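Here is the structure we will look at, set down as structure tokens.
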Amino acid sequence: MSAVLQTAGGAGTVQSASAAGWLLEVEDLHVHFVTSRGVVRAVEGISYQVRAGEVVALVGESGCGKSVSSLAIMQLLAKPAGRIVGGRILFQGRDLLKLSADEMRTIRGRDIAMIFQEPMTSLNPVLTVGFQIMEPMIIHLAMSKTAARARALELLQLVGIPDPERRLDQYPHQFSGGMRQRAMIAIGLACDPKLLIADEPTTALDVTIQAQILQLMKDLSRKLGIALVIITHNLGVVARYADRVNVMYSARLAEQGTAEGIFEKPLHPYTAGLLRSVPRLDQPRGKRLETIDGMPPSLLDAPEGCRFAARCPARIDACVVAAPPLVEVTPQHWSACVRSVQMAKVGPAGLGLQSANPQPPEPKILAAGEPLLRVHDLRTYFEVAAGMKLLKSTHVEVRAVDGLSFNIRRGETVGLVGESGCGKTTVGRTLLRLENPTSGEIIFDGANVTRASGDQLKRYRRQVQVIFQDPYSSLNPRMTIGQIIAEPMLVYKLQPNRKAADRKVRALLTQVGLFDYMAERYPHELSGGQRQRVGIARALAMQPSVIICDEPVSALDVSIQAQIINLLEDLQREFGLTYLFIAHDLAVVRHISDRIIVMYLGKVMEIADRDALYSEPLHPYTKALLDAVPIPDPALEAARVTKVLSGEVPSPLNPPRGCVFHTRCPLAGPECKIAVPELREVRPGHYAACVKI
0 MSAVLQTAGG AGTVQSASAA GWLLEVEDLH VHFVTSRGVV RAVEGISYQV
50 RAGEVVALVG ESGCGKSVSS LAIMQLLAKP AGRIVGGRIL FQGRDLLKLS
100 ADEMRTIRGR DIAMIFQEPM TSLNPVLTVG FQIMEPMIIH LAMSKTAARA
150 RALELLQLVG IPDPERRLDQ YPHQFSGGMR QRAMIAIGLA CDPKLLIADE
200 PTTALDVTIQ AQILQLMKDL SRKLGIALVI ITHNLGVVAR YADRVNVMYS
250 ARLAEQGTAE GIFEKPLHPY TAGLLRSVPR LDQPRGKRLE TIDGMPPSLL
300 DAPEGCRFAA RCPARIDACV VAAPPLVEVT PQHWSACVRS VQMAKVGPAG
350 LGLQSANPQP PEPKILAAGE PLLRVHDLRT YFEVAAGMKL LKSTHVEVRA
400 VDGLSFNIRR GETVGLVGES GCGKTTVGRT LLRLENPTSG EIIFDGANVT
450 RASGDQLKRY RRQVQVIFQD PYSSLNPRMT IGQIIAEPML VYKLQPNRKA
500 ADRKVRALLT QVGLFDYMAE RYPHELSGGQ RQRVGIARAL AMQPSVIICD
550 EPVSALDVSI QAQIINLLED LQREFGLTYL FIAHDLAVVR HISDRIIVMY
600 LGKVMEIADR DALYSEPLHP YTKALLDAVP IPDPALEAAR VTKVLSGEVP
650 SPLNPPRGCV FHTRCPLAGP ECKIAVPELR EVRPGHYAAC VKI
């Protein structure tokens, strides 16, 4: 039997460990960072506990202190800037803060393991995955290389990596994102830890891979008695997998309780705001997404009273006088709000925290006539090196986009969804003519721009703009915000001179919800949401007809995400814009889109009107995507029978014959492996590529 399974002990072990008390106790933890601008109080007085076999979530917006608190547990704070200035961290009764560096090294990796947010930067690119799994076993458990390799093979099988014998000798870049995250879990489990900390373990993963990874981690937690701390801002993930929840805001705890209690009846206005901000697939689409106005305070100079008071619609004078303590309002439910007892009696609605936009969206009236953008049988192939053969390099063809056809009418929003590697971004880059199509046609406003060059291409690019996924990497760090927005206007001579361009910049900043004085700032001086607004302003500066939004909100917190989506909808109404909205968050796509295209491995699986696609999906892949989306409601999640889509997206270097989805499809038959199914109109305006329909 596997060494992993031998230590599991079954449910009885978990219960006896729980009965014995807490495995981890964080008590009144304070963490400071000393910077040139002052002391950043990153964590202020947080306390929480974890039992063996339990899943505890830490949630909150970026910068609230979630990751810093976990790094403090691991003693991995960046020194000398980062320092723990108060509190205790008890692990099995021992205070980790009193241990020497050598003693901590024996615990770190063996008894406490951590899965970091980005596996590609956490894995060593010059060492094989197998060696990186074996290394902690050789160091901590004094295993021989032969025994460690055998155990590494078991671990890869345990975390669901196919062909594990061959994968042991591969390098991280040869793994997909989901497989790299699985490898990180295998490293974390290598020494049978008692506590596993997962810091945003699925942020960079698609919804289907996310479901696989999190279900695996919860199963292992239950089976092996491992305590699991999940750090995330995805409330659907928390609802589906967590037992208890700690809500953080601006370095402090705002609320604590069971997942069921917090989601059913939040006792802090911040928690209520977070829950309202999440677009949900199980509820009717509202007119606008809910938002939490404003930004968290700076931790360099935080206010004396409640940190959330400046953004709270239920605040009273007492909120700004002193910081409210975390108190038990109802059994097993704590809140740090002066109105928490009142909130427990009357609910969020009684304090004016109910939804402000319950009305349904207004029907969109699209202009009649020819579509603004027509794409017919678009194919974009790439040649990549495949190695050497007879001293000559060989190449293979990657069919990134393989036969895509769709139309976009003026003023319409078309969503493009699918897993990573399906070709979504390549579609956007090809439409922008940043990639040259291999074949097919792109017709914009009646003109064929497939092979456009010179002045025609310049005119086309002015009309078709883009908002990139990562606002920081798409902005020049050496230029001010004003220079970044003004540059394209001056290049295209849309403004007569610099003075006129500066006036237009300030007007654009105001239109996207920023202050005009921010024109003088640099990108690093803005928050993520503010930088994304700058990206939108830069696109608007060209007075475009079409904007391609490539994952514009995937890197943002849920409340900031809602602000950006509402802004995009407002700008569309004001300027008559047309959007191609590329994303993998199906709830966000449902809210903003009129029609949706579902892609898988370069091909279109389904095209339909938004409401038809979500209420009656036809293709098995679309159904699997929708089923994998967690709903931010533990009661509903407990009642759902979720079917996690197994397997990985095949390599585009070697796609399956026939239907590209047949290797993962629960309905696949022999005929699916032979011919590529045609995209056909199954219902009026509803197209699907499946022989089983």
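Sequential numbering of the sequence shown, starting at 0, is according to numbering that gives the first Met the number 0.
Don't be surprised by glycine CBs; every beta carbon is placed ideally from N, CA and C.
Source: prediction; values computed, not measured.
Under 8 angstroms between C-beta atoms of residue i and residue j
{"i": "G646", "j": "R663", "result": "yes"}
{"i": "G44", "j": "H29", "result": "yes"}
{"i": "I230", "j": "S66", "result": "yes"}
{"i": "K423", "j": "G417", "result": "yes"}
{"i": "G538", "j": "Q464", "result": "Before going further, note that residue 538 is Ala rather than Gly in the sequence given. Yes, these two residues count as a Cβ contact at 8 angstroms."}
{"i": "V648", "j": "E670", "result": "no"}
{"i": "L266", "j": "V345", "result": "no"}
{"i": "L273", "j": "L234", "result": "yes"}
{"i": "V533", "j": "L474", "result": "yes"}
{"i": "V58", "j": "V277", "result": "no"}
{"i": "S438", "j": "R398", "result": "no"}
{"i": "V587", "j": "V552", "result": "yes"}
{"i": "M488", "j": "A540", "result": "yes"}
{"i": "A210", "j": "V237", "result": "no"}
{"i": "L298", "j": "R40", "result": "yes"}
{"i": "V228", "j": "S69", "result": "yes"}
Opening and closing residue of the alpha helix (DSSP H) in which residue i lies
{"i": "A688", "result": "That residue, A688, is in no alpha helix (DSSP H); it is neither H nor E in DSSP."}
{"i": "H139", "result": "V128 to H139"}
{"i": "K602", "result": "No alpha helix (DSSP H) holds K602; the beta strand (DSSP E) holding it covers K602 to D608."}
{"i": "Y47", "result": "Segment G37 to V49 is the beta strand (DSSP E) holding Y47; no alpha helix (DSSP H) there."}
{"i": "Y269", "result": "P268 to S276"}
{"i": "D454", "result": "G453 to Q462"}
{"i": "L624", "result": "P619 to A627"}
{"i": "R537", "result": "G527 to L539"}
{"i": "I208", "result": "V206 to L223"}
{"i": "T509", "result": "R497 to Q510"}
{"i": "T424", "result": "K423 to L430"}
Unbroken beta strand (DSSP E) run spanning residue i, endpoints
{"i": "I106", "result": "Here I106 belongs to no beta strand (DSSP E); instead the alpha helix (DSSP H) covers A100 to I106."}
{"i": "I364", "result": "Note, I364: premise wrong, no beta strand (DSSP E); not H, not E."}
{"i": "E254", "result": "R251 to T257"}
{"i": "G439", "result": "S438 to F443"}
Reduced DSSP category for residue i - H, G, I as helix; E, B as strand; rest coil
{"i": "M0", "result": "Here M0 scores only 34 on pLDDT, less than 50, and its place in the model should not be relied on; the value that follows carries that caveat. The answer is coil: DSSP assigns M0 none of H, G, I, E or B."}
{"i": "F467", "result": "coil"}
{"i": "R398", "result": "strand"}
{"i": "E726", "result": "The structure shown does not extend to residue 726, since the chain is modelled only from 0 through 692, so no value can be given for it."}
{"i": "F574", "result": "helix"}
{"i": "V244", "result": "strand"}
{"i": "G81", "result": "strand"}
{"i": "L372", "result": "strand"}
{"i": "L342", "result": "At residue 342 the sequence reads Met, which differs from the Leu that was named. In the structure shown, M342 sits in a helix (DSSP, three-state: H, G or I)."}
{"i": "H31", "result": "strand"}
{"i": "K672", "result": "helix"}
{"i": "F262", "result": "helix"}
{"i": "G9", "result": "Any reading at G9 must be qualified, since the residue scores a pLDDT of 35, below 50, and its modelled position is unreliable; no value is offered."}
{"i": "I630", "result": "coil"}
{"i": "M598", "result": "strand"}
{"i": "S614", "result": "helix"}
{"i": "E647", "result": "coil"}
{"i": "C336", "result": "coil"}
{"i": "G414", "result": "strand"}
{"i": "G481", "result": "helix"}
{"i": "Y380", "result": "strand"}
Cβ-Cβ separation, residue j to residue i (assumed contact under 8 angstroms), whole Å
{"i": "G177", "j": "L215", "result": "Contact doesn't hold; Cβ gap of about 11 angstroms is too wide."}
{"i": "A309", "j": "G293", "result": "6 angstroms"}
{"i": "L617", "j": "V681", "result": "6 angstroms"}
{"i": "Q531", "j": "P470", "result": "4 angstroms"}
{"i": "A499", "j": "L508", "result": "The Cβ separation is near 15 angstroms, so there is no contact."}
{"i": "I184", "j": "I114", "result": "6 angstroms"}
{"i": "L352", "j": "R338", "result": "With a Cβ gap of about 10 angstroms, L352 and R338 do not count as contacting."}
{"i": "Y620", "j": "V643", "result": "With a Cβ gap of about 14 angstroms, Y620 and V643 do not count as contacting."}
{"i": "Y380", "j": "E369", "result": "Rounded, the Cβ-Cβ distance is 29 angstroms, inconsistent with contact."}
Legend entry - Stretch pair the region 317-324 + the region 292-309: three plus CB contacts closer than 8 angstroms: yes
Legend entry - the region 128-138 in contact with the region 214-234 per 3-pair CB rule at 8 angstroms: Output reads no: the region 214-234 does not touch the region 128-138.
Inset, instruction - Evaluate the contact criterion for the region 449-466 versus the region 625-638: three or more CB pairs, one atom per stretch, below 8 angstroms. - result: They do not touch, by the three-pair rule.
Inset, instruction - Take every Cβ of the region 188-208, pair it with every Cβ of the region 618-634, and state whether three or more of those distances are shorter than 8 angstroms. - result: yes
Legend entry - the region 397-416 contacting the region 361-378, beta-carbon criterion three pairs below 8 angstroms: yes
Legend entry - Any 3 or more C-beta pairs closer than 8 angstroms across the region 274-288 and the region 357-364: yes
Inset, instruction - Say whether the region 546-563 touches the region 480-491, bearing in mind that this needs 3 or more beta-carbon pairs closer than 8 angstroms, one atom from each stretch. - result: no
Legend entry - Three or more C-beta pairs below 8 angstroms linking the region 144-151 and the region 85-97: No: fewer than three Cβ pairs fall under 8 angstroms.
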